[in-house]
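One structure is given here, and the rest of the page talks about it.
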Amino acid sequence: TRRNELEQHLKDSVQTHLDMAHVRIRELETRQEQVCVGGRFLWKISNYTQLCQQSATRKEKEKLCSPPFYTGEYGYKLRAEAFLNGLGQGKGSHLSLYVVILKGDHDAILQWPFKQKVDFVLVDQDNEPNNRQNKVWRLQCDRNSDYFQRPNKMKSLGFGCPKFVSLETLATRNYIKDNTIFIRIDVEPFDPFA
1 TRRNELEQHL KDSVQTHLDM AHVRIRELET RQEQVCVGGR FLWKISNYTQ LCQQSATRKE
61 KEKLCSPPFY TGEYGYKLRA EAFLNGLGQG KGSHLSLYVV ILKGDHDAIL QWPFKQKVDF
121 VLVDQDNEPN NRQNKVWRLQ CDRNSDYFQR PNKMKSLGFG CPKFVSLETL ATRNYIKDNT
181 IFIRIDVEPF DPFA
């Protein structure tokens, strides 16, 4: 009957649209996981003053997380974490920065433990590039610890620098401009096919 045909058409149509929406959501999720060019990821933290004030007034650790990113087309999946009012040794006096290794699509073909060089860079936003004095910190530690092993959960523990830059230094030069800071994470590229 015509009514049954119409009901079946509506049912099929709804399922088709749901399937298309699911595919689109997955595409957007995949696009959100950025791929670094040359192992370089730039993280923009806007509303710095407000976020810093909020984190200073809360009792629990206030952590900002970057979007997940891959260190290359077939690279490691990482995420940066910032504690604007410090963590551990840097609490109340420094910006603390960490990187977390996340479970990624290419883990089976990557080298473990993770041994790539990692630099944190606070970008000086001076209008004249030749006058910029970026603050750089290179990860130096025992790479055989659990922090650098292949993650068997969704993420591993973070590694980084509790005293990346003092809040006093951060307020100088042009590290904060238009209430925004930029943190660059440089990761030595790794080619699993080399």
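Mapping to UniProt numbering: the sequence shown position 26 is 26, numbers consecutive.
Glycine included, C-beta positions come from ideal geometry on N, C-alpha and C.
Within the DSSP secondary-structure output, I183 pairs in a beta bridge with W43, L122.
Taking the Cα positions, V37 is about 14 Å away from L78.
Membership of Y48 in the alpha helix (DSSP H) is indicated by the continuous run 48-57. Just so you know, the alpha carbons of F159 and E73 end up roughly 23 Å apart. In the structure shown, Q34 falls within a strand segment according to DSSP collapsed to helix, strand and coil. Look at the beta carbons and you see the segment 77-95 touching the segment 181-191: at least three pairs across the two are nearer than 8 Å.
According to DSSP, V100 shares a beta bridge with R79, G158. Proximity of the segment 115-125 to the segment 163-177 meets the contact definition, three or more beta-carbon pairs being nearer than 8 Å.
Following the DSSP letters along the chain, one finds E62 in no alpha helix (DSSP H), marked with neither H nor E. Inclusion of Q140 and P113 in the CB contact set at 7 Å is not warranted, their separation being larger than that value. Between F190 and H106, the alpha-carbon positions lie close to 12 Å from each other. Counting of Cβ neighbours within 10 angstroms places L170 among the buried residues, the total reaching 16 or more. Rounded to the nearest whole angstrom, the CA to CA distance from G104 to A56 is 33 Å.
If you ignore the 5 residues before and after S93, its C-beta comes within less than 7 Å of the C-beta of G86, S166, L167, all in its own chain and listed in chain order. Separation of L95 and I109 (C-alpha to C-alpha, rounded to the nearest whole angstrom) is 34 Å.
Bounds of any beta strand (DSSP E) do not take in W112, whose DSSP letter is neither H nor E.
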